[in-house]
Ligand code: CA
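Residue numbers (my numbering): 4 to 487.
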């Protein structure tokens, strides 16, 4: 029978800009696999606007660390050769590779151009606050050091819908580029009226040449790297019709199993549901709503009602399309979407995504290996390893929930005959020490179970009636499983 699958987001915001990250991946791949992590989400592999850029300020989609551009051959994470090498080693270790693709904008243009814009109200981008006028914008991308290799497409202002800086007057604003067939993209998030524009030079998916070029790039990237799927960045700012087209084209080209997970960062569950409908469920979405619930639970402590933890989450309403996660490179402290799940609750949060039936969980590099930068956070590998082990060996079979007390919840996975000694009983407390009486099954009467997190040292015997009474220490999680 197929084992549970788990993603690791293989970077954090402060991953050192030493050009050695693909080498780290290559070295760690066997260890990841041994920990039950059998797919990785890589940061953007394309050349950013500098050697330090984490990849979201994408400069050249066709430069994977191969050309001397922006003062560097390598990207922040390494060279193209090192990337391909790391992917090969991942595949040898049966780890799938999902690459982060940034298609909303381009950064670090080679030259300025003069063109017509209207300035819009940042709070309502449908509202024009100027007459058309000329700016000098950074929108010309020539890629001279690439010499047209892989693609001779050269970007200019006609391929963008907006920008935020006028060089001529050294002035910032949100400038919508005007011209024939020029308007903000439809089918984007409606915050600020129309949230097509996020940052840098915003790629215009109304333009047929642009759509063609980006689909062609998507195929080239998958063919070149042999990756198994994409993590789609910032999709609430991109015409949803294009994303549907992109996914459809890629699956036709690479096979139906080519995988997509989209970053649609909207805590409103209804918005995510609408998005999935729009793209006809061709892609999965990160469960942002669940992330915020986990964050809230970690802040409120015992004042949070744990029985509501999955209310209004994507994993509850769309279990087959939800990628569950605890934190990521944007939610970590000091970053743009800071909403860090507090340390004390982290193991419980991971138990909630790793040990249940639903969702495709993603473990954050920063949680496992730690976070660097000015305010470092120690990795929680020791706390997470037993949970990953439980996911790999124990968390199978029917799931019975005991969400019956605001401060202590539990659930049982009944196990499956194909995996010996599988099954587990999970108890989480955000208040006092507690316990939960839960049905394991009469056929397992007399077995002794232990807590594989080692938080509790006692052995629990399953009673004749098939029930066990499983304790948990206040403010923690225990995962009980059959002692072998
Ligand atoms: Ca956009």
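Just so it is clear, CB atoms sit at the ideal spot from N, CA and C, and this is done for glycine as well. Remember, it's a predicted structure, so these values are computed and weren't measured experimentally.
Integer-rounded CB distance, given that residue j should sit under 8 Å from residue i
i: residue 466; j: residue 484; result: That belief does not hold up - the Cβ atoms of residue 466 and residue 484 are roughly 17 Å apart, past 8 Å.
i: residue 351; j: residue 343; result: Not quite, the Cβ-Cβ distance comes to about 15 Å (not below 8 Å), so this is no contact.
i: residue 192; j: residue 143; result: Between residue 143 and residue 192 the Cβ distance is about 28 Å, and since that is not below 8 Å, they are no contact.
i: residue 253; j: residue 225; result: 6 Å
i: residue 368; j: residue 14; result: 6 Å
i: residue 443; j: residue 389; result: 19 Å between Cβ atoms; not a contact.
i: residue 417; j: residue 426; result: 6 Å
Assigned secondary structure, residue i (DSSP; H/G/I helix, E/B strand, else coil)
i: residue 156; result: coil
i: residue 3; result: Nothing about residue 3 can be read from this structure; the chain reaches only from 4 to 487.
i: residue 387; result: helix
i: residue 25; result: helix
i: residue 447; result: helix
i: residue 365; result: strand
i: residue 50; result: strand
i: residue 484; result: strand
i: residue 246; result: helix
i: residue 235; result: strand
i: residue 350; result: helix
i: residue 1; result: Lying outside 4 to 487, the shown extent of the chain, residue 1 is not represented and no answer is given.
i: residue 74; result: coil
i: residue 257; result: helix
i: residue 268; result: coil
i: residue 143; result: strand
i: residue 64; result: coil
Nearest neighbour of residue i, chosen from the options [CA to CA]
i: residue 85; options: 411, 345 and 29; result: 29
i: residue 35; options: 411, 93 and 343; result: 93
i: residue 167; options: 371, 140 and 74; result: 140
i: residue 9; options: 412, 43, 464 and 23; result: 43
i: residue 69; options: 82, 474 and 59; result: 82
i: residue 1; options: 112, 283 and 277; result: Since the first and last residues shown for the chain are 4 and 487, residue 1 lies out of range.
i: residue 101; options: 233, 65 and 124; result: 233
i: residue 308; options: 408, 327 and 302; result: 408
i: residue 414; options: 460, 355 and 385; result: 355
i: residue 399; options: 422, 152 and 186; result: 422
i: residue 138; options: 26, 338 and 171; result: 171
i: residue 475; options: 136, 434, 430 and 160; result: 430
i: residue 361; options: 223, 318 and 332; result: 318
Residue i burial status per 10 Å Cβ neighbour count (16 or more: buried)
i: residue 97; result: exposed
i: residue 18; result: buried
i: residue 364; result: buried
i: residue 401; result: exposed
i: residue 316; result: buried
i: residue 323; result: exposed
i: residue 174; result: exposed
i: residue 436; result: exposed
i: residue 327; result: buried
i: residue 133; result: exposed
Take every Cβ of the region 39-51, pair it with every Cβ of the region 75-86, and state whether three or more of those distances are shorter than 8 Å. With a cut-off of 8 Å, the region 75-86 and the region 39-51 count as touching, because enough Cβ pairs lie within range.
Within 8 Å, do at least three Cβ pairs link the region 275-293 to the region 386-399? Too few Cβ pairs lie closer than 8 Å, so no.
Evaluate the contact criterion for the region 268-279 versus the region 410-428: three or more CB pairs, one atom per stretch, below 8 Å. At 8 Å Cβ cutoff, the stretches do not touch.
Does the region 112-121 come within contact of the region 239-248, defined as at least 3 CB pairs closer than 8 Å? Between the region 112-121 and the region 239-248 there are fewer than three C-beta pairs closer than 8 Å, too few to call the two in contact.
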